[in-house]
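So the sequence lines, in the order shown, correspond to chains A and B.
Note that our numbering numbers the first sequence so that position 299 is 299, with each residue one more than the last.
Note that our numbering numbers the second sequence so that position 56 is 1056, with each residue one more than the last.
Positions of the beta carbon are idealized from the N, C-alpha and C atoms, including for glycine.
Nothing here was measured: the structure is a model prediction, and the numbers come from that model.
The structure appears right after this line, and notes come after that.
Number of protein chains: 2
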Amino acid sequence: MNISELAQHLGVAVSTVSRVLSGNADKYRISEKTVQRVQKAAEKYRVVPDPLGAGLRKGKLGMIGLLVPDITNPFFSTLARAIELRFRDTGIAVQLCDSAEDPATEIALLNKLLSRRLDGLIVAPVGEVSDELKSAVSNSPMPLVVLDRLLPGVSVPSVSIDNIKAGKLAANHLIESGHKHLGCLRGNCRAISDQERLKGVEEAMREAGLDPATLSIAGTGYTRELSLLSATELLTLSPRPSGIISLSGQGILGILEASRASGLSIPRDFSVIAFDEQPWSALMQPPITTITQPIESMAEKAVFLLNLEGRAKEVTPEVVEATLCRRESVAAVN
Amino acid sequence: MNISELAQHLGVAVSTVSRVLSGNADKYRISEKTVQRVQKAAEKYRVVPDPLGAGLRKGKLGMIGLLVPDITNPFFSTLARAIELRFRDTGIAVQLCDSAEDPATEIALLNKLLSRRLDGLIVAPVGEVSDELKSAVSNSPMPLVVLDRLLPGVSVPSVSIDNIKAGKLAANHLIESGHKHLGCLRGNCRAISDQERLKGVEEAMREAGLDPATLSIAGTGYTRELSLLSATELLTLSPRPSGIISLSGQGILGILEASRASGLSIPRDFSVIAFDEQPWSALMQPPITTITQPIESMAEKAVFLLNLEGRAKEVTPEVVEATLCRRESVAAVN
DNA sequence: ATGAAAGCGCTAACAG
DNA sequence: CTGTTAGCGCTTTCAT
Chain A
1 MNISELAQHL
11 GVAVSTVSRV
21 LSGNADKYRI
31 SEKTVQRVQK
41 AAEKYRVVPD
51 PLGAGLRKGK
61 LGMIGLLVPD
71 ITNPFFSTLA
81 RAIELRFRDT
91 GIAVQLCDSA
101 EDPATEIALL
111 NKLLSRRLDG
121 LIVAPVGEVS
131 DELKSAVSNS
141 PMPLVVLDRL
151 LPGVSVPSVS
161 IDNIKAGKLA
171 ANHLIESGHK
181 HLGCLRGNCR
191 AISDQERLKG
201 VEEAMREAGL
211 DPATLSIAGT
221 GYTRELSLLS
231 ATELLTLSPR
241 PSGIISLSGQ
251 GILGILEASR
261 ASGLSIPRDF
271 SVIAFDEQPW
281 SALMQPPITT
291 ITQPIESMAE
301 KAVFLLNLEG
311 RAKEVTPEVV
321 EATLCRRESV
331 AAVN
Chain B
1001 MNISELAQHL
1011 GVAVSTVSRV
1021 LSGNADKYRI
1031 SEKTVQRVQK
1041 AAEKYRVVPD
1051 PLGAGLRKGK
1061 LGMIGLLVPD
1071 ITNPFFSTLA
1081 RAIELRFRDT
1091 GIAVQLCDSA
1101 EDPATEIALL
1111 NKLLSRRLDG
1121 LIVAPVGEVS
1131 DELKSAVSNS
1141 PMPLVVLDRL
1151 LPGVSVPSVS
1161 IDNIKAGKLA
1171 ANHLIESGHK
1181 HLGCLRGNCR
1191 AISDQERLKG
1201 VEEAMREAGL
1211 DPATLSIAGT
1221 GYTRELSLLS
1231 ATELLTLSPR
1241 PSGIISLSGQ
1251 GILGILEASR
1261 ASGLSIPRDF
1271 SVIAFDEQPW
1281 SALMQPPITT
1291 ITQPIESMAE
1301 KAVFLLNLEG
1311 RAKEVTPEVV
1321 EATLCRRESV
1331 AAVN
């Protein structure tokens, strides 16, 4: 039963039912008696205004889109949950899409999302910047904020950490612990975030008087197999880097696996530090030192920027602080 | 620009544009020339039929709902991704909701989902069975399938493992390894899945001539703090159970943490086996023996059962096999 | 081969 | 305080 049928049944106008059921009874000064009658009947027959009709009329659906590269990555699933939680009270639903770290899929999904009448869109890009992606994002007909991995040259509200700074943070911790030969395991080498983190590492080395050319780099993808392969590559180098940074959250699993397979022990044979805190980071043997992104505050800022109230959007990139979480996977060397 | 504006611009009727853009040109024998003209213009002006209008008209939105208890749980995020992938080709979007393991939130979200004009709904319940939940599920106006944690007494298509059998599988492995004093860490004691797994464990004990009364049980929730507390409880029992089963995927982290805090070593001081394979299961020290659910096939069956084509739905519960993945966290005792 | 028009369920402007 | 009505953008008869 829809609200017009209910109205008919009650012998009142649809508009009256609509007003009561969408909580505008006071605004239109519907009599208390009518309100009661309508509400009671609505409850009895389980009548709720159809969001589709309302959406069409209002030009809004009460739903935002969230596009992430990989929902199985704890960083993104935690982020997704945080964002959904923040919208729940507002009565706004979140439609989640997963681009599976694939740029083509990402564009396709983005275009689809853009064509639905959403109230807004939060996009955490795969990280490979294409013109098509840039133009889709910057021509969005709805409020849009970019999360985590930014699109250089696109003027759109965004929130992320300073990846260069974070790279330096990681490298400096290793350098301060006496490590001179560093290695990096990339997630996606074409992702801007990885490139920036790498840049940070190299800068830190330079500032410490280390030659960035001595930095060993491996890694070309997020899958388990690729991580393992690249990590093995890194660990079988001779000399082996004594301090390794996993630029992605999943990479560390590859490093751990490779390390075990090679019979190496952390931090005796090498130190390691990983981007992104994971539920199990502290429970590994040894507990893993991580660069932690403030997920909650990223979610908060993204939601704020999405700015559903329609206030002017600032396009200053919102930058949040990444922090170093010291654990036992990094040891000092002389 | 919408299709009527485009039609006006082109000097043709809206219906013509609609027919071309929704791929029904042949069906209505639109002339090749018109088709070309419309398609070209649509591309140029980036015109796509608004799904909202179409949805209203057709009574379908091209979207299904997916309600999970916790998207940060790798089991559910993997499942969610698998399901979304399967729908992507069909052109059907997936709207994800997270009930945060809370029965009240679950009901609220479910009702919301039910009132949106979705093409179907896949629900992985929190596991606490209430009359309200049962009635909402069984009165669904749209195709609905229940996933993972079933609702006893509700006749609705479903797919899950046989939790009793899985409980037995875990217990038998421990018993065969010589363990006589078993312990269980529950996730949510009110969840039907946990209860059934427990039942399986007790059955296995009985069959092996062990007294189920000697089974130590702890655990009341999924949070990290609760798991840690309950795990500590289990590990400080005297005598300490020599074989412990984590009935939930997250529980094992609590056990690991408690074990470390108490200075215990696995499997020297106790053996452990955990439900649900996790990305890090094999990488722990020691690698964790798990009960693995066939996520891909669960996704496949769920999608099949959702049965969007409108064929008759069978209501026979679809049961998939859980398997034991042997690793080093279980040791034989004499 | 195409157009005209009805109507999906709703809200808001206007009218009393 | 409440009713009437005009669309929101689309698909689909029905008509030509």
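(request) Verify the CB distance criterion: does residue 244 of chain A have a CB-CB separation below 8 Å to chain B? (result) no
(message) Does any residue of chain A have a CB that is nearer than 8 Å to the CB of residue 1295 of chain B?
(response) At least 8 Å separates the CB of residue 1295 of chain B from every CB of chain A.
(message) Is it buried or exposed, residue 1036 of chain B, if we count other Cβ atoms within 10 angstroms and call 16 or more buried?
(response) exposed
(message) Do residue 1159 of chain B and residue 1144 of chain B count as a contact pair if the criterion is CB distance below 8 Å?
(response) no
(message) Any beta carbon from chain A within less than 8 Å of residue 1056 of chain B's own beta carbon?
(response) At a cut-off of 8 Å between C-beta atoms, residue 1056 of chain B counts as an interface residue with respect to chain A.
(request) With a floor of 4 residues, list each alpha helix (DSSP H) that falls wholly inside the region 92-150 of chain A, ordered by position along the chain. (result) 103-115 and 131-138
(message) Spatial neighbours of residue 100 of chain A within its chain, please: C-beta separation below 7 Å, excluding the five flanking residues on both sides.
(response) 70
(request) Please confirm whether residue 7 of chain A and residue 17 of chain A have their CB atoms less than 8 Å apart. (result) yes
(message) Can you confirm whether residue 1011 of chain B, when its beta carbon is compared against all beta carbons of chain A, has any partner nearer than 8 Å?
(response) no
(request) With DSSP collapsed to three states, give me the class of residue 1048 of chain B. (result) The three-state secondary structure of residue 1048 of chain B, taken from DSSP, is coil.
(message) What are the residues in the region 1245-1264 of chain B lying within 8 Å of chain A by C-beta distance?
(response) 1250, 1253, 1256, 1257 and 1260
(message) Please classify residue 196 of chain A as buried or exposed, where buried requires at least 16 other C-beta atoms within 10 Å of its C-beta.
(response) buried
(request) Decide if residue 51 of chain A is buried, meaning its Cβ has at least 16 other Cβ atoms within 10 Å, or exposed. (result) buried
(request) Work out the CA separation of residue 1118 of chain B and residue 1299 of chain B for me, nearest whole Å. (result) 18 Å
(request) Quick one: give me the first and last residue of the beta strand (DSSP E) that residue 353 of chain A is part of. (result) The structure shown does not extend to residue 353 of chain A, since chain A spans only 1 to 334, so no value can be given for it.
(message) Just checking: is the beta-carbon of residue 1096 of chain B within a distance shorter than 8 Å of some beta-carbon in chain A?
(response) Yes, because at least one Cβ of chain A sits closer than 8 Å to the Cβ of residue 1096 of chain B.
(request) Give the range of the beta strand (DSSP E) segment to which residue 1158 of chain B is assigned. (result) 1158-1161
(message) Is residue 61 of chain A close to chain B? Criterion is C-beta to C-beta, closer than 8 Å.
(response) Closer than 8 Å: yes.
(request) Using alpha carbons as the reference points, say which of A:174, A:33 and A:105 lies closest to residue 328 of chain A. (result) A:174
(message) By alpha-carbon positions, which one of B:1272, B:1229 and B:1076 ends up nearest to residue 1258 of chain B?
(response) B:1229
(request) Within its chain, find whatever has a CB closer than 8 Å to the CB of residue 1295 of chain B; leave out the 5 residues flanking it on each side and keep chain order. (result) 1075, 1078, 1079 and 1082
(message) Considering Cα atoms alone, identify which of A:5, A:318 and A:285 is closest to residue 46 of chain A.
(response) Residue A:5 is the option with its Cα nearest to residue 46 of chain A.
(request) Give the DSSP-derived three-state secondary structure of residue 1214 of chain B in the structure shown. (result) helix
(request) Decide if residue 113 of chain A is buried, meaning its Cβ has at least 16 other Cβ atoms within 10 Å, or exposed. (result) buried
(request) Could you say which of A:183, A:95, A:34 and A:138 lies nearest to residue 315 of chain A if we only look at CA atoms? (result) A:138
(request) Would you mind working out which of A:91, A:43, A:238 and A:48 sits nearest residue 63 of chain A, comparing C-alpha positions? (result) A:91
(message) Does the contact criterion of 3 or more C-beta pairs under 8 Å hold for the region 1169-1185 of chain B versus the region 1145-1154 of chain B?
(response) Output reads no: the region 1145-1154 of chain B does not touch the region 1169-1185 of chain B.
(request) Check the Cβ-Cβ distances between residue 148 of chain A and every residue of chain B, and say whether any is below 8 Å. (result) Residue 148 of chain A does not count as touching chain B.
(message) Taking a contact to mean a Cβ-Cβ separation below 8 Å, would you say residue 1206 of chain B touches residue 1194 of chain B in this structure?
(response) no
(request) List the residues of chain B whose Cβ lies closer than 9 Å to the Cβ of residue 71 of chain A, in chain order. (result) 1071, 1077, 1078, 1080, 1081, 1084 and 1096
(message) So if DSSP puts residue 1065 of chain B in a beta bridge, which residue, or which two residues, is it bridged to?
(response) B:1095 and B:1121
(request) Pull up the DSSP beta-bridge partners for residue 1185 of chain B, would you. (result) DSSP, once it has assigned bridges, lists B:1218 and B:1246 as partnering residue 1185 of chain B.
(message) Applying the 10 Å Cβ sphere with the 16-neighbour rule, what's the burial state of residue 28 of chain A?
(response) exposed
(request) With 9 Å as the C-beta to C-beta threshold (strictly closer), list the residues of the region 1117-1136 of chain B near chain A in chain order. (result) 1117
(request) Can you give me the start and stop residues for the beta strand (DSSP E) that residue 1016 of chain B sits inside? (result) Taken as a continuous stretch (DSSP letters only), residue 1016 of chain B belongs to no beta strand (DSSP E), being part of the alpha helix (DSSP H) at 1014-1021.
(message) Considering Cα atoms alone, identify which of B:1290, B:1330 and B:1323 is closest to residue 1165 of chain B.
(response) From the listed residues B:1290, B:1330 and B:1323, the smallest Cα separation to residue 1165 of chain B is found for B:1323.
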